[in-house]
Structure formats: C-alpha cells, structure tokens
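In the order they appear, the protein sequences are chains A and B. For the first sequence, the numbering used here assigns the number 20 to the initial residue and increments by one for each residue that follows. For the second sequence, the numbering used here assigns the number 264 to the initial residue and increments by one for each residue that follows.
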Amino acid sequence: MATDNKPAVSIKDMIKKDRILNSGHRMCAGCAAPVVIKLMGMALRGPTIVCNNTGCLEVATTIYPYTAWNLPWIHVAFENAAAVASGVIEATKVMHKKGRFDYEHIDVVALGGDGASFDIGFGAISGAMERGHDMVYMCYDNGAYQNTGIQRSGATFPGQETTTSWAGSVIPGKLERKKPLAEIIAAHKIPYVATAEPSNYRDFITKFRKALEVEGPAFVHAFSPCPRGWRSATGESIALSKLAVETGLHPLYEVINGEEWIMSSASKNLKELKPVDEYFKTQGQFKHLFKPEWEDFRKRIQEQVNHDWELLKKKCGVD
Amino acid sequence: MSEKYNEIPMAGNIIEPGNSLKYKTGGWRAERPIHTDETCLWIKNGTCGRCWIYCPDNAVVLTEKNGKYAYAYNYDYCKGCGICANECPTDSIKMEKE
C-alpha cells in the first residue's frame with residue numbers, strides 16, 4: 020500500500036495510487052460497487068484491514084481460488100462485519116502491546132451491503148457504534164438483496180418491484196418506506212455520519228477521508244446502482260446514481276456528533292428537486308408505477324420525498 | 264487453476280493477494296468500447312479521466328510519460344458495460360458489437 024498522506028482527488032494522483040481491488044473480480048458488468056471500492060481506496064491513508072459482510076461484493080470478489088483484494092481482508096458471517104471489525108481493533112491493540120505487531124494504529128473498514136446493514140447486521144452495527152470503536156462502517160446500498168435473487172430489504176424504495184414484493188393487480192411492489200439508516204446511526208451521536216454516492220467522486224473521497232480521520236466510529240452510506248436487479252442499462256449506473264441525488268431520493272449530507280447537520284454542495288446547489296418520475300422511468304423495476312391504477316401511489320411517493328427533503332433542509336439550515 | 268491435490272496450499276488458503284488477475288473476464292463482453300484520440304480531454308491535456316474513475320473493472324489504462332498522455336483498454340478484463348461511453352463528456356468512446 021502507498022502510504023501517501025493525502026487523499027487522491029485529481030486524476031493524475033489517482034492513477035498513481037495503488038488499487039485495492041484488482042481486475043478479474045466477478046461483479047456484474049455495470050455494477051457500481053467496484054467503483055465505490057475504488058474511490059474508497061483513493062481515500063485510504065495507510066495500512067488498512069477490510070472486514071466484509073456477506074453480499075454481492077464479498078461473494079463475487081473472492082470466488083475460490085481467486086481473490087481480487089490487495090488488502091488484508093476478512094469475512095466471517097452475514098451480519099457481523101461491525102463486530103468482527105471491533106475484534107480486529109482490539110486484537111491489533113493487544114498484539115502491538117505484546118510487540119508482535121509493528122503498526123501502532125491501523126485503519127479498520129467494515130463493508131456491508133444494504134441487506135447486511137439495514138436488516139440482518141443492524142444490531143452488530145448499532146453495538147459497534149455504541150462501544151465507540153475507531154472504525155469506518157461503509158454500507159453500499161443497491162436497494163435489495165441482489166446477490167441472492169433480488170429480495171426486498173429495508174433499503175428498498177416504495178414501489179420497487181422485487182422477487183418478494185411483486186407488482187401485480189393487488190400491490191404496486193413494496194409498500195413500506197425506506198429505512199433512514201444514516202439518520203438512525205446519526206442518532207447514536209457518533210462523531211461522523213455521511214451519505215455519499217460515486218458520481219460525485221471528489222465529495223465521496225473527501226467524506227471517506229474525514230470518516231477515517233475522526234476519532235471514534237464513523238458511518239458512510241454509499242449509493243450503488245445495480246443494473247441486474249434494477250433492470251436498467253449497464254452503462255447508466257453512474258448516471259442513475261447522480262439522478263438519485265437530483266430527485267432527492269438519496270440526498271447528500273454529513274452529520275457531525277449527531278447534532279451538526281451539513282448538506283453537501285451537490286444537494287445544496289439544487290434549485291429544486293427533479294420529479295421522481297424521471298428516476299422511475301429509467302428502470303424496469305418501476306415500470307408498473309406508470310399504469311393508471313398506481314397514479315395515486317406514485318403521487319404519494321413524490322409527496323413523501325418532498326416532505327423528507329424539506330425536513331432535511333430545515334435540519335441542515337438551508338433554505 | 265490446475266494444481267494437483269498436493270500442490271494446493273495448506274487448508275486451501277489463497278496465498279497471493281489480488282490473484283484474480285489470472286481470471287480473465289473479457290469473455291463476458293458483448294460490446295467493445297472504441298476510443299478516438301482526437302476529442303479526448305486526457306490525450307489533450309491530462310484532465311477529465313472520468314472513464315478511468317468509473318470503470319468497475321480497471322480496464323481503462325491511462326499513462327503519462329514525459330508530458331505525453333496515452334490511452335488504452337485492457338480487453339482482457341473489460342466486461343463491456345458501457346459506463347465509459349456513457350460518462351464521456353466529449354463522446355470520444357463508442358460501443359461496437361463484438
């Protein structure tokens with residue numbers, strides 16, 4: 020690993036930095052998760068250990084007998100990357116004390132998909148945040164359990180069609196709203212919480228670097244489009260991620276110590292939100308919403324998004 | 264992977280980091296990105312690089328040597344997703360059927 024102390028944000032610095040995820044991994048064509056990991060690698064400041072929850076990323080990057088990771092990497096079970104990261108931190112401390120480990124400080128990053136972070140591993144994350152271990156937990160959110168066959172998760176948007184929330188004559192896909200995970204983690208009063216997405220790459224890298232630099236736990240919620248599950252064109256993944264910010268479905272903000280809310284410039288500079296229909300039109304998983312019987316449902320989603328957006332602006336002190 | 268049973272490391276461990284390079288994913292490709300140098304901002308003055316940043320497979324190879332900029336694709340790994348063609352601000356990349 021390069022131990023350059025500055026995050027690489029310009030393209031000339033980026034191409035010099037060592038990559039943490041090699042080519043030859045078997046993520047689907049057009050998946051944005053490897054891009055998220057690549058950008059994360061640009062923000063790293065030194066020796067790092069990655070703990071991975073089960074999910075697309077874990078399964079597709081480490082198919083035996085290959086691994087795409089150039090970093091020390093550990094996977095235990097579906098739900099416990101946050102707990103494993105706590106253990107790694109304690110172990111490195113003890114080993115350093117006994118003189119069996121050279122580094123005094125090591126950055127520990129826990130990674131999880133939205134299923135592992137929003138639903139299954141939520142208790143482990145909450146516990147690790149409460150104990151105050153100095154780690155960064157990053158959730159890459161692709162909106163469902165895409166790896167096991169597109170089942171609905173806590174991160175699925177209302178109206179999204181998955182294999183456990185089929186759209187038909189009775190329901191228009193998932194009925195419930197998306198769990199506001201970043202806000203829930205911010206309520207733990209931890210030093211740093213941020214939402215990010217790959218199309219604003221400078222914003223992503225600076226946020227991840229801040230998350231590494233704070234003392235204590237930090238949480239990053241990264242949006243990561245999935246062309247397979249969303250039934251979208253493979254080339255549009257990054258554009259979709261940008262559109263999610265512009266429509267207010269994934270607003271970008273930071274929360275410091277659970278109290279100080281800062282809206283990031285990509286969201287702050289929006290004069291007004293684009294209608295969510297523009298986002299829905301690009302994906303096959305929302306196509307049923309344009310049938311006449313679900314017109315009201317679509318309007319309700321728009322109202323909900325507008326309401327959440329106004330609330331967020333108030334919290335961030337933006338008008 | 265063609266080691267015999269007694270050549271596999273103890274407990275089936277993977278000893279070499281990042282050895283997925285041996286697994287070529289280029290065969291997944293249905294469309295091939297074709298790059299033209301004339302309008303590319305990286306070739307012109309070494310800026311932009313959006314295709315490099317957003318390539319999920321590290322298949323875009325940007326190099327700088329003595330102030331000269333070169334552009335290439337590593338077709339061994341390119342899965343042909345088309346993110347580079349879609350994100351290019353000057354439309355210097357076109358997708359062609361294999």
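C-beta: ideal position from N, C-alpha, C; glycine also.
Closer than 8 Å by beta-carbon distance: list the chain A residues that pair up with residue i, in chain order.
i        : result
B/Tyr340 : Ser42, Gly43
B/Pro280 : Thr86, Trp88, Asn89, Leu90
B/Met287 : Looking at the sequence provided, one finds Lys at residue 287 of chain B rather than Met. Correct list: Gly43.
B/Thr310 : Ile30
B/Glu327 : Lys31, Ile34
I'd like to know if residue i contacts chain A, where contact means its C-beta is closer than 9 Å to some C-beta of that chain.
i        : result
B/Ile214 : The question about residue 214 of chain B has no answer here: the residues shown for chain B are numbered 264 through 361.
B/Ser283 : yes
B/Ala335 : no
B/Tyr317 : yes
B/Gly330 : no
B/Thr353 : no
B/Gly275 : yes
Residue i touches chain A at which residues, Cβ-Cβ below 9 Å?
i        : result
B/Asp320 : Ser42, Gly43, His44, Met46, Ala48, Pro53
B/Gly345 : Ala48, Gly49, Ala252, Thr253, Gly254, Glu255
B/Ile241 : The displayed coordinates of chain B run from 264 to 361. Any statement about residue 241 of chain B would go beyond what the structure contains.
B/Ile365 : Here chain B has residues from 264 to 361 only, and residue 365 of chain B is not among them.
Quick one: list the residues of chain B neighbouring residue i, beta-carbon separation under 7 Å, in chain order.
i        : result
A/Glu255 : Asn349
A/Ala258 : Asn349
So which residues on chain B does residue i lean against when the C-beta distance must stay under 9 Å?
i        : result
A/Arg247 : The contacting residues do not exist; A/Arg247 stays about 11 Å from chain B at best.
Does residue i come within less than 9 Å of chain B when only Cβ atoms are used?
i        : result
A/Ile34  : yes
A/Ala110 : no
A/Thr22  : Only weak support is given to the placement of A/Thr22: the predicted model assigns it a pLDDT of 48, under 50, and the question is left unresolved by the model.
A/Tyr159 : no
A/Leu58  : yes
A/Thr80  : yes
A/Tyr122 : no
A/Thr156 : Residue identity differs from the one stated: residue 156 of chain A is Tyr in this sequence, not Thr. It does not: the Cβ of A/Tyr156 has no partner Cβ on chain B nearer than 9 Å.
A/Tyr83  : yes
A/Pro217 : yes
Run down chain B in chain order and give the residues with a C-beta less than 8 Å from the C-beta of residue i.
i       : result
A/Arg38 : Asn321
Just to make sure I have the definition right: I need the residues of chain A whose C-beta is within less than 7 Å of the C-beta of residue i. Which are they?
i        : result
B/Glu359 : The premise fails here: B/Glu359 is roughly 13 Å from chain A at the closest Cβ pair, so nothing lies under 7 Å.
Does the Cβ of residue i lie closer than 8 Å to at least one heavy atom of the ligand NAD?
i       : result
A/Lys31 : The ligand NAD is absent from the structure shown, which contains no ligands of any kind.
Notebook entry, point to check: Contact between the region 193-203 of chain A and the region 218-229 of chain A: three or more CB pairs below 8 Å?
Noted result: no
Next item on the list: Pair every Cβ in the region 151-159 of chain A with every Cβ in the region 177-185 of chain A, then say whether three or more of these pairs are closer than 8 Å.
Entry: no
Notebook entry, point to check: Going along the region 263-287 of chain A in order, which residues come within less than 8 Å of chain B, judged by CB to CB distance?
Noted result: none
Check: Hey, which unbroken runs of the alpha helix (DSSP H) at 4 residues or more fall wholly within the region 76-102 of chain A?
Finding: none
Checklist line | Contained alpha helix (DSSP H) runs [length at least 4] in the region 226-298 of chain A, N- to C-terminal order | finding: 246-249, 256-265, 284-287
Next item on the list: Note down, in chain order, all residues in the region 291-315 of chain A with a beta-carbon under 7 Å from any beta-carbon belonging to chain C.
Entry: Of the chains in the structure shown, none is chain C; the protein chains are A and B.
Margin query: So if I threshold CB-CB distances at 8 Å, which residues from the region 219-253 of chain A count as touching chain B?
Written below: Tyr220, Pro246, Ala252, Thr253
Notebook entry, point to check: With contact counted as at least three CB pairs below 8 Å, one residue from each stretch, are the region 245-264 of chain A and the region 106-113 of chain A in contact?
Noted result: no
Check: Which residue spans inside the region 105-149 of chain A form an unbroken beta strand (DSSP E) run of at least 3?
Finding: 126-132
Note to self: Could you tell me which whole alpha helix (DSSP H) segments of length 4 or greater appear in the region 156-214 of chain A?
What the structure shows: 200-205
Notebook entry, point to check: Should the region 81-90 of chain A be regarded as contacting the region 57-72 of chain A, the criterion being three or more beta carbon pairs within less than 8 Å?
Noted result: yes
Note to self: Whether or not the region 282-293 of chain A and the region 302-320 of chain A are in contact is what I'm after, with contact meaning three or more pairs of Cβ atoms, one per stretch, closer than 8 Å; do they touch?
What the structure shows: no
Margin query: With three or more C-beta pairs closer than 8 Å as the rule, is the region 269-278 of chain B touching the region 320-338 of chain A?
Written below: no
Item checked: Stretch-stretch touch, CB-based, cutoff 8 Å, three pairs: the region 95-109 of chain A with the region 34-51 of chain A -> no
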